[in-house]
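Structure first, commentary second.
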């Protein structure tokens, strides 16, 4: 009896486990999309143009002998559609294999589309299980498809080039590592607004231009590179790029300060526990002087003190300008101030105010502390 | 207590085996939705609900363990007759206890169905997009069927073996996702009202249900004294895991985003980068391991159900094997009853209420009954003495 059962069990196991995958699809049976670009179609209201970048494995150098070189290693295809999926389906009927979005790393959106609002585009990407939350959405100045078409001579696949650019920037602390998942959470969160990287592309080059500020799925403006670095220092404690300041009293002399460590504290104190709430960023930059292009005739101690004052003044000025832009021009709280207010002053502030309206006039101040540690290989 | 009617079988479950039985049954499909369901009413303080929910679960498992301690070596189905009747009036006790046993067994039966359906739904929506749901459910049933061909000690050993495989990935995911956490998302600590605190806790209580299998399995504990301890450990481990995953979810996404995603824990896995980049797409690995977590849940519940049936009819292992094959047929149709995802979550909710009533109600009722009868007996003895 027991033996019979064992036999039946073995049979069942064989029948059900030795069949392989139901929806098996080999790697070469799918068309992997590396990047997607979304543009408006001129003259057609409500139509999107979807451009995709598909790598051609055979043409990628190193994969099979002499394949690479001059030939394009990627194929660019463009289709139009009323929605993203409509365009996607239109693309599918032009392809021999099934489209696969699981390897998509970059989602480029043209500035025009971003300014119109990308809620409807994002819905597709939220629902699609293949889409990775770690891919990078990027706003492109001008046409988004140029970002896919550009030919970097330093690499074969444009998107890989772009990915490295962002990845290294994120590692150095100069470019925010803003992923799709971050964008999703930030748009859902009632206490903050999202931002995305903003790039410009030409036929041979791509360039990071700062960040695009959003308000409720709509792009409202941009921050240039210098402001983005201030923004990164205050929001993410990233170090940002080098600070280059003209030296006062010299003819065309500049000093360059490279921050290495950033510590930011946000205080939401009310004066004497009464009065209105106010935000105070205390940001401590620790770094080196890496360049002085004029001869400074002063003792080193004096030099460091003076430079610290100079840099502090410059950073304060930049931050003030950043606040002005965010509050008065864009009215978008990308600084996560609302989140901090909701977290720490829920009862005494958040419940009584409409943050979307009040952010504009919320007093924000900043206090930089500059600590110059070294002067490079020079003594002064 | 007398041990009349108890067949001579080994009581071999060690305390650790009991603990792993409880923990691996509790951790199942609930963990995928837990961050969403708990933060739906409690917002930032969603992590409180598994903590509060575990108190209710602890109370319930304590009662179950106490019951079992009074009748060592007997399962719920066996001692029900004694509780409701007496050794003298066993037949009456049997009939009186029948509704409770049936309610309990149907609870286990439905649990099997709902859990396998949610499991199939996750697999179909996120990994195997073209595979029919039926195939996934049937494969799971076949696995469970194979287990139900075996005796009790096999079940215990399987659970013991699989427990680390269930706990480790969840722990790793929760801890790894803390890298990108936004801690302000967890504040303010508390802003919901008191009723919503209970409502939120209920969501977690549902995620804790499943320990009622111990009404059957406690009977085979090696030591009578270890039962309460095993119960407490089992619930406590689950509580820690649940709280960690909810904290990770809220800190990583914020409660607003959590409300929008269907399977938050899966999304958490998707956003988590494990340092070293060995696995770029962690979710496939996670789901593969998660299958074992679901398997232990489904299999334990179904085994408890089948074993209860077997004892109800007082039959042997052969009966168990046949009936377990037969009972899959109606279960298959029950599993396919909900028509869409929204339906499933609603069914899930109703089932949660049902299982909560069973988990708290039955042990409480039985203990009260025993307490009253003890009082009565003491009274009688005193009367006889005086």
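Chains as they are written, first to last, in our numbering: chain W, 7 to 386; chain C, 15 to 400.
Just so it is clear, CB atoms sit at the ideal spot from N, CA and C, and this is done for glycine as well.
Practice item. Leaving out five residues on either side along the sequence, give the residues of the same chain with a beta carbon under 6 Å from the beta carbon of residue 324 of chain C. Key: Numbered from its first residue, the second chain carries residue 324 of chain C at position 310. Short of 6 Å from the beta carbon of residue 324 of chain C, and not among the five residues preceding or following it, lie these beta carbons of its own chain, in chain order: 333 and 334.
Review point. By the criterion of Cβ-Cβ separation under 7 Å, what are the contact partners of residue 392 of chain C in chain W?
Key: The residue labelled residue 392 of chain C in the question sits at position 378 within the second chain. Neighbours of residue 392 of chain C on chain W: none; closest Cβ ~50 Å, over 7 Å.
Practice item. Would you mind telling me which residues of chain W sit closer than 9 Å to residue 160 of chain C, beta carbon to beta carbon, in chain order? Key: Within the second chain, residue 160 of chain C is the residue found at index 146, counting from 1. Simply 15, 18 and 19.
Check your understanding: Are the Cβ atoms of residue 46 of chain C and residue 280 of chain C separated by less than 8 Å?
Key -> Mapped onto the second chain, residue 46 of chain C falls at position 32. Mapped onto the second chain, residue 280 of chain C falls at position 266. Yes, the pair counts as a contact, with Cβ atoms nearer than the cut-off.
Review point. Which chain W residues are close to residue 156 of chain C, counting only those with a beta carbon under 9 Å from its beta carbon?
Key: Stepping through the second chain from its first residue, residue 156 of chain C is reached at position 142. Within chain W, the C-beta atoms nearer than 9 Å to that of residue 156 of chain C come from 18, 19, 21, 22 and 23, in chain order.
Check your understanding: Assuming residue 224 of chain W contacts residue 123 of chain W under a Cβ cut-off of 8 Å, what Cβ separation, rounded to an integer in Å, is found between them?
Key -> Your numbering for residue 224 of chain W matches position 218 in the first chain. Your numbering for residue 123 of chain W matches position 117 in the first chain. Indeed, because the Cβ distance is near 4 Å, the residues count as touching under 8 Å.
Exercise for review: Could you work out which residues of chain W lie near residue 296 of chain C, taking near to mean beta carbons separated by less than 8 Å?
Suggested key: Translated into positions along the second chain, residue 296 of chain C becomes position 282. Under the 8 Å cutoff, chain W gives no residues; its nearest Cβ is about 10 Å from residue 296 of chain C.
Review point. In its own chain, which residues sit with a C-beta less than 8 Å from the C-beta of residue 162 of chain C, not counting the 5 before and 5 after it?
Key: As a first step, residue 162 of chain C must be located in the second chain, where it is residue number 148. Excluding its 5 nearest sequence neighbours in each direction, residue 162 of chain C has C-beta neighbours in its own chain below 8 Å: 313, 316, 317, 320, 334, 335 and 338, listed in chain order.
Practice item. Find the nearest neighbour of residue 253 of chain C within the set C:25, C:32, C:27 and C:37, judged by alpha-carbon distance. Key: Taking the second chain and counting its residues from 1, the one referred to as residue 253 of chain C is at position 239. Comparing Cα positions, the closest option is C:37.
Review point. In terms of alpha-carbon separation, which member of C:58, C:88 and C:29 lies closest to residue 273 of chain C?
Key: For the purposes of this step, residue 273 of chain C is taken as the residue at position 259 of the second chain. Between residue 273 of chain C and the set C:58, C:88 and C:29, the nearest pair of CA atoms involves C:58.
Check your understanding: What residues in the region 258-282 of chain C bring their beta carbon closer than 7 Å to a beta carbon of chain W?
Key -> Against chain W - using a Cβ distance shorter than 7 Å - the residues of the region 258-282 of chain C are 267, 268, 270, 271, 274 and 281.
**Study point:** Cross-strand partners of residue 142 of chain W (DSSP beta bridge)
**Key:** Walking along the first chain from the start, residue 142 of chain W turns up at place 136. Answer is W:112.
**Study point:** Selection of the region 340-356 of chain W by Cβ proximity to chain C, strictly under 9 Å
**Key:** Within the region 340-356 of chain W, the residues whose Cβ lies closer than 9 Å to any Cβ of chain C are, in chain order, 342, 345, 346, 348, 349, 350, 351, 352, 353 and 356.
Practice item. Helix, strand or coil for residue 288 of chain W, going by three-state DSSP, please let me know. Key: For the purposes of this step, residue 288 of chain W is taken as residue 282 along the first chain, with counting starting at 1. Looking at residue 288 of chain W - three-state DSSP - the assignment turns out to be strand.
Check your understanding: CB-CB under 6 Å to residue 36 of chain W, same chain, minus the five flanking residues each way: which ones, in chain order?
Key -> What you label residue 36 of chain W is simply residue 30 of the first chain in a count that begins at 1. These residues qualify, in order along the chain: 103, 104 and 106.
Exercise for review: Give the straight-line distance between the Cα atoms of residue 145 of chain W and residue 32 of chain W, rounded to the nearest whole angstrom.
Suggested key: As a first step, residue 145 of chain W is located in the first chain; it is residue number 139 there, counting from the start. As a first step, residue 32 of chain W is located in the first chain; it is residue number 26 there, counting from the start. When rounded, the distance between both Cα atoms is 33 Å.
Practice item. Please look up how many angstroms separate the CB atoms of residue 259 of chain C and residue 71 of chain C, rounded, as I've assumed it's under 8 Å. Key: Looking up residue 259 of chain C in the second chain gives position 245. Looking up residue 71 of chain C in the second chain gives position 57. Incorrect: roughly 16 Å between the Cβ atoms, too far for contact.
Exercise for review: Starting from the Cα of residue 310 of chain W, find the closest Cα among W:285, W:377 and W:347 and give me that residue.
Suggested key: Locating residue 310 of chain W in the first chain gives position 304, counting from the first residue. Residue W:377 is the option with its Cα nearest to residue 310 of chain W.
Check your understanding: Do residue 287 of chain W and residue 240 of chain W have their C-beta atoms closer together than 8 Å?
Key -> As a position in the first chain, residue 287 of chain W is number 281, starting the count at 1. As a position in the first chain, residue 240 of chain W is number 234, starting the count at 1. Pairing residue 287 of chain W with residue 240 of chain W gives a Cβ-Cβ distance under 8 Å.
Review point. Is residue 178 of chain W near the ligand ATP, with its Cβ less than 7 Å from a heavy atom?
Key: With respect to small molecules bound, the structure shown includes none, and the ligand ATP cannot be examined in it.
Point to revise | Partner residues on chain C for residue 287 of chain W, Cβ-Cβ distance less than 7 Å | key: Reading the first chain from its first residue, position 281 is the one you call residue 287 of chain W. Going along chain C, no residue has its Cβ under 7 Å from residue 287 of chain W, so there is no contact; the nearest lies around 15 Å.
Review point. Measuring CB to CB, does residue 292 of chain W end up less than 8 Å from residue 379 of chain W?
Key: Taking the first residue of the first chain as 1, we reach residue 292 of chain W at position 286. Taking the first residue of the first chain as 1, we reach residue 379 of chain W at position 373. In this structure, residue 379 of chain W lies closer than 8 Å to residue 292 of chain W by Cβ.
Exercise for review: May I have the straight-line CA-CA distance separating residue 148 of chain W from residue 345 of chain C, to the nearest angstrom?
Suggested key: Taking the first chain and counting its residues from 1, the one referred to as residue 148 of chain W is at position 142. Taking the second chain and counting its residues from 1, the one referred to as residue 345 of chain C is at position 331. When rounded, the distance between both Cα atoms is 58 Å.
Point to revise | Residue-level contact to chain W via CB, residue 284 of chain C, 8 Å cutoff | key: Taking the first residue of the second chain as position 1, residue 284 of chain C is located at position 270. By this cut-off, residue 284 of chain C is an interface position.
Review point. Who are the neighbours of residue 202 of chain C on chain W, taking C-beta pairs under 9 Å?
Key: Looking up residue 202 of chain C in the second chain gives position 188. Within chain W, the residues near residue 202 of chain C are 348, 349, 350, 351, 352, 353 and 356.
Practice item. Could you tell me which of C:377, C:350 and C:359 sits nearest to residue 147 of chain C, measuring between CA atoms? Key: Numbered from its first residue, the second chain carries residue 147 of chain C at position 133. Ranked by how close their Cα comes to the Cα of residue 147 of chain C, the residues C:377, C:350 and C:359 have C:350 in first place.
Exercise for review: For residue 125 of chain C, count neighbouring C-beta atoms within 10 Å of its own C-beta (all shown protein chains included) and say buried if the count is 16 or more, exposed if not.
Suggested key: What you label residue 125 of chain C is simply residue 111 of the second chain in a count that begins at 1. Here residue 125 of chain C is buried, its C-beta having at least 16 other C-beta atoms within 10 Å.
Exercise for review: Just the C-alpha distance for residue 331 of chain C and residue 100 of chain C, rounded to the nearest angstrom, thanks.
Suggested key: For the purposes of this step, residue 331 of chain C is taken as the residue at position 317 of the second chain. For the purposes of this step, residue 100 of chain C is taken as the residue at position 86 of the second chain. Answer to the nearest angstrom: the Cα atoms are 27 Å apart.
Exercise for review: Figure out for me which residue from C:200, C:191 and C:264 has the closest Cα to the Cα of residue 297 of chain C.
Suggested key: Working through the second chain from its first residue, we reach residue 297 of chain C at position 283. The candidate whose alpha carbon is nearest that of residue 297 of chain C is C:191.
Practice item. Sort W:168, W:275, W:262 and W:375 by Cα distance to residue 1 of chain W and report the nearest one. Key: Residue 1 of chain W falls outside the range modelled here, since chain W spans only 7 to 386, and no answer is possible.
Check your understanding: Does residue 9 of chain W have its Cβ less than 8 Å from a Cβ in chain C?
Key -> Counting from 1 along the first chain, the entry for residue 9 of chain W is found at position 3. Not flagged as an interface residue toward chain C: residue 9 of chain W, since no C-beta distance is shorter than 8 Å.
Practice item. Report yes or no: do the region 162-175 of chain W and the region 77-86 of chain W share at least 3 C-beta pairs separated by less than 8 Å? Key: Verdict: yes, contact present.
Check your understanding: Excluding sequence positions up to five away, which residues of its chain have a Cβ less than 7 Å from the Cβ of residue 256 of chain W?
Key -> For this step, residue 256 of chain W is matched to residue 250 along the first chain. For residue 256 of chain W, same chain residues with a beta-carbon under 7 Å away, outside a window of 5 residues either side, are 300 in chain order.
Review point. Do you know how far the Cα of residue 12 of chain W is from the Cα of residue 71 of chain W?
Key: The count along the first chain starts at 1 and reaches residue 71 of chain W at position 65. The count along the first chain starts at 1 and reaches residue 12 of chain W at position 6. Caution is warranted here: a pLDDT of 48 is assigned to residue 71 of chain W, below 50, making its placement in the model unreliable, and no coordinate value can be reported.
Review point. Just reading off the beta strand (DSSP E) that residue 216 of chain W is part of, what are its end residues?
Key: Counted from its first residue, the first chain places residue 216 of chain W at position 210. Per DSSP, residue 216 of chain W belongs to the beta strand (DSSP E) from 212-221.
Practice item. Spell out the partners DSSP gives residue 249 of chain W in its beta bridges. Key: For the purposes of this step, residue 249 of chain W is taken as residue 243 along the first chain, with counting starting at 1. Bridge pairing for residue 249 of chain W: W:263 [DSSP].
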